[in-house]
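What follows is a set of notes on a single structure, which appears directly below.
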Amino acid sequence: MRPATSSTTSWLAAAAAVMVVSGGLVAAQSAPDGENGRYSMTPIPEGVLRLDTRTGTVSTCTRNGNGWACYAVPDERTALDAEIGRLQAEVERLKAQLAAGPTVSGKIDEALPKSDPLRKPDPKVAEGERKIEIPLPSEQDVDRVMSFLEKAWRRLIDMANRVQKDVSGKI
Numbered sequence: 392m393r394p395a396t397s398s399t400t401s402w403l404a405a406a407a408a409v410m411v412v413s414g415g416l417v418a419a420q421s422a423p424d425g426e427n428g429r430y431s432m433t434p435i436p437e438g439v440l441r442l443d444t445r446t447g448t449v450s451t452c453t454r455n456g457n458g459w460a461c462y463a464v465p466d467e468r469t470a471l472d473a474e475i476g477r478l479q480a481e482v483e484r485l486k487a488q489l490a491a492g493p494t495v496s497g498k499i500d501e502a503l504p505k506s507d508p509l510r511k512p513d514p515k516v517a518e519g520e521r522k523i524e525i526p527l528p529s530e531q532d533v534d535r536v537m538s539f540l541e542k543a544w545r546r547l548i549d550m551a552n553r554v555q556k557d558v559s560g561k562i
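Using the numbering used here, read the sequence shown as starting at 392 and increasing by one per residue.
As structure tokens, this is what we get:
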């Protein structure tokens, strides 16, 4: 080996300084964001829970026969934001539809015709007085009530007969 000259020494020192500085720049560019690096790991019974400190995504990492595999955990906030966005769009669509005018079909604003059998007669005001006259039920309404009462009475009598037979047979 030959002795180092001052120019060779200064050249080596400059090269070493450049390497240290460039190494520092490369290290500064690829340095992690925090003390622990980009990912924060937390042990769980199935493996490891991994938090990406840059994006905020959470993954579960488990060990299988081929090595480690990490799967992203579904983010509820993302799903909620998507649902909120969908509902806001639907509200805007409905507001626009409402502003456009009525589109309901089958609905009428006019009164029922007078020949309609389901229409109830309007209460009448007697002359000279402010009393309301209540119309009497029709013959059809009275027949329906009587039919119902007859059926109920017959069922009550049948029940009483059955109870009497059961009691007399067991005594």
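Positions of the beta carbon are idealized from the N, C-alpha and C atoms, including for glycine.
- It is roughly 41 Å from the alpha-carbon of residue 462 to the alpha-carbon of residue 486.
- Using a Cβ distance threshold of 8 Å, residue 433 and residue 439 count as a contacting pair.
- Per the coordinates, the alpha-carbon of residue 448 lies some 33 Å from the alpha-carbon of residue 484.
- Put simply, the backbone Cα of residue 549 is about 60 Å away from that of residue 481.
- Distance from the CA of residue 537 to the CA of residue 525, rounded to the nearest whole angstrom, comes to 21 Å.
- In this chain, the alpha helix (DSSP H) harbouring residue 472 covers 467-491.
- Exclusion of the five residues before and after residue 451 leaves 435, 437, 438, 439, 440, 441, 461, 462, 464 as the residues of its chain whose Cβ lies within less than 8 Å of its Cβ.
- Its Cα nearest to that of residue 443, the residue 429 stands out among 429, 454, 455.
- Residue 527 and residue 535 have their C-alpha atoms spaced approximately 14 Å apart.
- For residue 458, the uninterrupted beta strand (DSSP E) run begins and ends at 458-463, by DSSP.
- For residue 453, the uninterrupted beta strand (DSSP E) segment begins and ends at 449-455.
- In the three-state reduction of the DSSP assignment, residue 431 falls in the strand class, which pools E and B.
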